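Chains as they are written, first to last, in the numbering used here: chain S, 139 to 273; chain B, 139 to 273; chain D, 139 to 273; chain G, 139 to 273; chain Z, 139 to 273; chain W, 139 to 273.
Where is the CB? At the ideal position from N, CA and C, for every residue including glycine.
Since the structure is predicted, the reported quantities are computational estimates derived from the model, not experimental observations.
Note sheet for the following structure.
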């Protein structure tokens, strides 16, 4: 299922903007594999370009290591209920070295956060003054 | 605002289960400060006990360091729109050493994930077979 | 805060449609109190009328008792992170006889459901054939 | 699809902790059927144990009857958009005696709550002082 | 998958209320096609009637044109992560004349809104007095 | 409340990147008013720059008019439960000419979409083949 077509490599090659992004994805990731998100987004070349440019920058190693960034990405994706995103970023986290022990703790934190978020919202707990930044 | 009362230390002292949890929070965190979440949850002693016991276990150092766990916690909390949780866990992350540079990258990942989750859902991208675990 | 004005009784009296709904709310609930949701919705008389008419019908006693309906309402509201709704329907549930023991169990179920929802989504568990209705 | 393997009974038997939980699920529910959630969670024995222990306790009969608890569970699951959870808990509610008439009213409340939550958030209705608990 | 049966035309014909709604959908939309949402909802005749009556009224041309209404509908559906709704309303928007250029901009706004919503929630930005309506 | 400081004009003037964005916001919007979102984001100059650059581009007039874009923005924001965003974009929509009649219909669509999304998810309606794009 999809609400747009997924571009094949042949179709991607016909639009120079799409072709350039696909080439850069392949070079950056050092693999020929282009996953479906980019093939779907390729129906909108401007959005493809701006999304890939930003993603490459945001996910690059920096003050946070790439695996930590993937875990944060999965946390957002799971909470948003995005099935595709959960699949793709879990695969990415494993490719970046996620161990079994880390995955176990990660899942435990995900579940705990969802639970206490729900309780806080049910109880409508007021923010402690100690947690507020002076503005 | 709140949908339940927040227990004062005097009130907490009257219920041995609540008193024990409050004492353990203070000992574990090495501070006298008990934040409002626990004071609200204290109206339900069984829930207070089980939540604190699980939280202490889940957030302890392990295969993932405490700061990484806080970042995952914030990611879930922000995506769930939990204002109290965003405040309390951001404060906790800073107390655990979150640097300015890390916070900048963390926010960038949070925003990027929300954006691509939304695009994936709008496009209804099918999961690549490469991302699926054989079951 | 609000994105629309909240109508006073004087202002409500000027529009016959709004006046009629306010009168019906008071008669149905046997109280003079009109809560802010209706005062805000009163800026849109058609929406006020259709929402009140439907709510009165849906929340009336039937195969499910009124308290059970309120608990379901709170469950949706808390999961949606709707602060006003959590406050108003928790107050309504208490007015309809919610006991302390029921509230404790209700909160425990709310938290448990949020936690297992999150784990299911993280693990992307496929639906068992046993749970599917033949179509 | 799934992001982890689903353990077969043979695999479950190899880990004493998993085997014990599976045996307890079967005894508690008086059926040989183990649904996929537990087979997926079985890849993380500690999480399996703690989740099952808590679920069994929370969903046991108490001040709220088991059917009411299932309806609350479905309400959270549907609002979270958890497909698996909607399927499994709807099946559970029916097994616990949910009638056609109750299901009709339940769905009506679910839809109504979602609608008024959305309107309240759009209008940003301020909480009435009458709904606030004195803290 | 579904949690209820999808009614065939033969089954729909057996209940006069369902038959009347199906006939009205066909007349209003000028097509014989009845999509699965209505076939599923037909298991609950009262909910089918009230939902269709309200939808027909709300989506009719008025101060906002039908295409704009569909885009708003998709925006809510995607943000709620409703796969069926994203599919059905995207198809409806295209049937109502959505152009390629409009779709590109629509997707860009969807992604941008999700991103800034997330940043606002992470930063817990207080509402400017200028944005508040005097109440 | 906020989890970061809100930069004053004096503080913004000290960082050339922030000063440049603030100047561009003022020039683009033809007003001296800088709302709190930008003052909070200014604590992260890179994120401020990239967010503003993208927002200015995405919200510019194009195949969709600015008011339609604001309505889509509000729809996402309300569904995400973002209070600040609901306030700021409702104000923006009114500044761009949203009429009372349009606002009434907009709210009706928002509520209707939330309701049918919820019903679709509860019923787990399968996507009709007619709504799927051939891939």
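Contacts with chain D at 7 Å (Cβ-Cβ) include residue 245 of chain S. The beta carbon of residue 235 of chain S sits no closer than 7 Å to any beta carbon of chain G. Residue 217 of chain S and residue 194 of chain B have their C-alpha atoms spaced approximately 22 Å apart. Taking the Cβ atoms as the reference, residue 265 of chain Z lies roughly 5 Å from residue 225 of chain W, within the contact range of under 8 Å. Contact of residue 202 of chain G with chain W is not assigned, every C-beta pair being separated by 7 Å or more.
Using a C-beta cut-off of 8 Å, the segment 139–150 of chain G makes no contact with the segment 243–254 of chain D, since fewer than three inter-stretch Cβ pairs fall below that distance.
When Cβ-Cβ separations below 7 Å define contact, residue 217 of chain B makes no contact with chain D. Spanning the alpha carbons of residue 240 of chain Z and residue 257 of chain B requires a straight line of approximately 15 Å. Residues of chain D whose Cβ lies closer than 7 Å to the Cβ of residue 141 of chain B are, in chain order, 224, 225 and 228. A Cβ-Cβ separation of about 5 Å places residue 159 of chain W in contact with residue 186 of chain W under the 8 Å criterion. For the segment 254–267 of chain Z, the set of positions with a beta-carbon nearer than 9 Å to some beta-carbon of chain B reads 254, 255, 256, 257, 259, 260, 261 and 262 in chain order.
Classified as exposed, residue 166 of chain S has fewer than 16 neighbouring CB atoms from the shown chains inside 10 Å of its CB. Put simply, the CB of residue 195 of chain D is far from chain W, with every gap to its CB atoms at 7 Å or more. In this structure residue 153 of chain D is in contact with residue 183 of chain D, their Cβ atoms being roughly 6 Å apart against a cut-off of 8 Å. With contacts defined as CB atoms closer than 7 Å, residue 175 of chain D and residue 263 of chain G qualify as a contacting pair. Chain Z places no beta carbon closer than 7 Å to that of residue 240 of chain S, leaving this residue out of the contacts.
Between the alpha carbons of residue 211 of chain D and residue 220 of chain D lies a distance of about 11 Å. Runs of alpha helix (DSSP H) with 4 or more residues, each lying fully within the segment 190–258 of chain Z, are found at 204–217 and 221–233, listed in chain order. Taking 7 Å as the threshold, the shortest C-beta distance from residue 252 of chain S to chain D falls below it. Look at residue 156 of chain B here: in three-state DSSP terms it is helix.
Closer than 7 Å to the CB of residue 248 of chain D there is at least one CB belonging to chain S. Looking at the backbone, the Cα of residue 209 of chain S and that of residue 214 of chain Z are separated by about 27 Å. By the rule that beta-carbons nearer than 7 Å mark a contact, residue 214 of chain B touches chain S. Residue environment: residue 171 of chain G is assigned as exposed (fewer than 16 neighbouring CB atoms within 10 Å of its CB, all protein chains considered).
Check the Cα spacing between residue 248 of chain S and each of B/236, B/192 and B/141: the tightest is with B/192. When rounded, the separation of the alpha-carbon atoms in residue 149 of chain S and residue 177 of chain S is 10 Å.
In its chain, beyond the 5 residues on either side, 142, 143 and 145 have a beta carbon closer than 7 Å to the beta carbon of residue 181 of chain D.
Listed in chain order, the positions of the segment 165–186 of chain W with a beta carbon within less than 7 Å of a beta carbon of chain Z are 171, 173, 174, 175, 178 and 179. In chain order, 192 make up the part of chain S whose C-beta sits under 8 Å from the C-beta of residue 188 of chain W. Contact of residue 271 of chain G with chain B is assigned, a C-beta pair being separated by under 7 Å. Residue 144 of chain G carries a coil assignment under DSSP once its states are collapsed to helix, strand and coil. Contact between residue 179 of chain S and residue 189 of chain S is confirmed by a C-beta separation of about 6 Å, below the 8 Å threshold. Residue 231 of chain B counts as buried, since at least 16 other C-beta atoms from the protein chains shown sit within 10 angstroms of its C-beta. Here residue 204 of chain W has 197 and 234 as same chain residues with Cβ atoms under 7 Å from its own Cβ, once five neighbours each way along the sequence are excluded.
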